[in-house]
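Per my numbering, residue 41 is the first one in the sequence shown, and the count goes up by one each step.
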Amino acid sequence: MTGIVETSTPPHRSQRRGPVAALVLEGDGIGPEVMAAARVVLGAVEAPVELVDAQIDRATGLPDASLLAELDRHGVLLKAPMTTPIGTGYKSPNVTLRKSLELFANVRPSRSIPGLPAPCGPIDLLIVRENLEDLYAGVEHAQTDDVFQCLKLVSRSGSAAIARTAFELAGALGRGRVTCVTKANIMKLTDGVLLDAYRTEADRRGFAHDHVLVDAAACQFVTDPKRFDVVVTSNLYGDILSDLAAGLTGGMGLAPSMNLGARHALFEPVHGSALDIAGHDRANPTAMILSAALMLEYLGDHHGAAAIRQAVDDIYERAQVRTIDLEVAGARTVGCAEFAHHVAERAAELRAAGQRTDASTNAPDIREAIGAVFAATPTAAATQRSSVGVDVFVEWDDDVDQLATLLQEAASEGALSLTLITNRGLSVWPAPTTARLVNHFRCRFLIDSSAGEPAERDVITLIDRVGARMRWMHVERLQHHDGKPAFSAAYGASA
41 MTGIVETSTP PHRSQRRGPV AALVLEGDGI GPEVMAAARV VLGAVEAPVE
91 LVDAQIDRAT GLPDASLLAE LDRHGVLLKA PMTTPIGTGY KSPNVTLRKS
141 LELFANVRPS RSIPGLPAPC GPIDLLIVRE NLEDLYAGVE HAQTDDVFQC
191 LKLVSRSGSA AIARTAFELA GALGRGRVTC VTKANIMKLT DGVLLDAYRT
241 EADRRGFAHD HVLVDAAACQ FVTDPKRFDV VVTSNLYGDI LSDLAAGLTG
291 GMGLAPSMNL GARHALFEPV HGSALDIAGH DRANPTAMIL SAALMLEYLG
341 DHHGAAAIRQ AVDDIYERAQ VRTIDLEVAG ARTVGCAEFA HHVAERAAEL
391 RAAGQRTDAS TNAPDIREAI GAVFAATPTA AATQRSSVGV DVFVEWDDDV
441 DQLATLLQEA ASEGALSLTL ITNRGLSVWP APTTARLVNH FRCRFLIDSS
491 AGEPAERDVI TLIDRVGARM RWMHVERLQH HDGKPAFSAA YGASA
């Protein structure tokens, strides 16, 4: 099976004695400052973690090669913000790490913090975002001098993995509703595959279906955020919705995240490196501190994680000290280091007092939840596939009827017949249109159903003959999966 790696033994399930090693990537900009703050707080709760400093190879975006073996052994990274320099020759370490380590799930908790404004009321939700596919695969091409393309690549296996992850996390964290957010009314294949995977998992686990279109979800995040508990969605939508949720709960400076894979987990704040304030002790370390708490939760130190979260809540609710970005009347403005000291002091008190807060005897085991994702039966693909034609994409600046005539000439000696021409998804032939057109056309050729499948020779001959008459960009094979079209129809075309 291709796609997300399936493992017979879930990672990180062995019971370790003593501290767990975690690689630390300090980043740049304010990264070293907020990481130092997280170290102080982790020390205050006596976290069972050995922090091992690592470096990024800017040419590859990966940790130093000498530490990769350590990463494979323990699989945990705590990362501060990193900047990708503008210009050629540099890889984004953020994206490279996610892709190279197969961190397929980005998990963003958004929770209102006492003492901070909640413009839309209290929020406590978890966004589970697919992290490797969708438009963020970054596969783009210039099609013509006017038209550009970005491929939305979505796999059945990746969709199944993220749907399972959302339900596993809901169960582990005691959350009762999982909402799927898509735009499957428009993108029936690439968004529909996630919706299908979600419905399959919901049925298997006895959850009610709760599907919301992404535009409606954005509205409801503002008007009725309490309706959401766990949200599972694709890469682009999740990126936008999680930042929206962060804005409703205090801003990006407070937002932690974890990126989960079959063998590795990465914990980081979602804000940037803020080069303009780097080195001035003005950064807010809250997101980095809460990301460290997520790491402890993942590693099974639920009491330490709860103590840190409660300490953050207490410091904000008491409003005795604030960083400059969240100044409030009556509070003393402090720098990054001093704010971390106050959080650490309170977290140590809570840990020493044995305060459990949300760390119950049935504390969640996120590692076990992720392991269950990959222990599940692989998702079944189509059992029968048949080719029925091709879409040929061409550049054309003249009359559409003239284009159709040339294409029909190109197909006249083969088994494929021109049936449709579209422009930006709208049918422009055989029925005419008055819409403004660009110089990029999809030309659909189908084989008569009684003739079986087109031979490869038929397709190659057609492309050769089309290419003799105009510039073509790419060709898409048209298939039926289990007897149903596995390609989109055109707007304005007859059924």
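For every residue, glycine included, the Cβ atom is placed at its ideal position computed from N, Cα and C.
Check, Outcome
"Extent of the continuous beta strand (DSSP E) to which Gly-5 belongs", "Residue numbering for the chain in the displayed model covers 41 to 535; residue 5 lies beyond these limits and cannot be assessed."
"Segment limits, beta strand (DSSP E) that includes Met-513", "511 to 521"
"For Gln-519 and Gln-424, the rounded distance between their alpha carbons", "10 Å"
"One or two residues paired with Glu-453 in a DSSP bridge", "Note: Glu-453 sits in no beta bridge, so no partner."
"Limits of the alpha helix (DSSP H) - the one that Lys-139 falls within", "133 to 140"
"C-alpha gap between Leu-213 and Glu-408, whole angstroms", "12 Å"
"Proximity of Ala-203 and Glu-241 at Cβ, strictly below 8 Å", "yes"
"Closest by C-alpha distance to Phe-481, when choosing among Leu-466, Thr-273, Arg-151 and Ala-471", "Leu-466"
"When Val-168, Leu-65 and Glu-357 are compared against Pro-157, the one with the closest alpha-carbon", "Glu-357"
"Nearest candidate by alpha-carbon position, reference Pro-149, set Ala-206, Val-187, Ser-195 and Ala-177", "Ala-206"
"Identity of the residues DSSP links to Tyr-531 by a beta bridge", "Leu-466"
"Collapsed DSSP secondary structure at Met-618 in the structure displayed", "This structure cannot speak to residue 618, because the chain is shown only from 41 to 535."
"At least three beta-carbon pairs within less than 8 Å, the region 424 to 434 to the region 520 to 533", "yes"
"Spatially closest choice to Lys-266 from Cys-160, Gly-492 and Leu-477, by CA coordinates", "Cys-160"
"Helix, strand or coil at Cys-376 according to DSSP, with G and I counted as helix", "helix"
"Start and end residues, beta strand (DSSP E) containing Leu-486", "480 to 487"
"Inter-stretch contact at 8 Å, needing at least 3 Cβ pairs: the region 113 to 127 / the region 60 to 74", "yes"
"CA-to-CA distance, Ile-364 to Ile-317, given in whole angstroms", "11 Å"
"Three-state secondary structure assigned by DSSP to His-304", "coil"
"Beta-ladder partner(s) of Asp-164, from DSSP", "Arg-151"
"Alpha-carbon spacing of Asp-438 relative to Arg-517, whole angstroms", "26 Å"
"First through last residue of the beta strand (DSSP E) which encompasses His-181", "180 to 182"
"Buried or exposed (CB count within 10 angstroms, at least 16 for buried), Pro-309", "buried"
"Three-state class that DSSP yields for Phe-35 in the structure shown", "Since the first residue shown for the chain is 41 and the last is 535, residue 35 is missing from the structure and cannot be characterised."
"Cβ pair count under 8 Å reaching 3, the region 185 to 202 against the region 213 to 223", "no"
"Separation of Gly-454 from His-251, as counted between CA atoms", "45 Å"
"Pairwise C-alpha distance: Asp-354 and Glu-385", "11 Å"
"Backbone CA spacing between Gly-115 and Leu-143 [nearest angstrom]", "11 Å"
"Residue range of the beta strand (DSSP E) that includes Thr-222", "218 to 222"
"Assigned secondary structure, Gln-350 (DSSP; H/G/I helix, E/B strand, else coil)", "helix"
"Strand pairing of Ser-536, partner residues [DSSP]", "It is not possible to answer for residue 536, since the shown part of the chain is limited to 41 through 535."
"Segment contact, 8 Å Cβ cut-off, at least three pairs: the region 72 to 82 with the region 321 to 329", "yes"
"The region 166 to 178 contacting the region 363 to 381, beta-carbon criterion three pairs below 8 Å", "no"
"Three-state secondary structure assigned by DSSP to Phe-247", "coil"
"Top-ranked residue by Cα proximity to Val-383, from Leu-366, Tyr-338, Ile-329 and Val-272", "Ile-329"
"Straight-line Cα distance separating Ala-182 from Leu-91", "45 Å"
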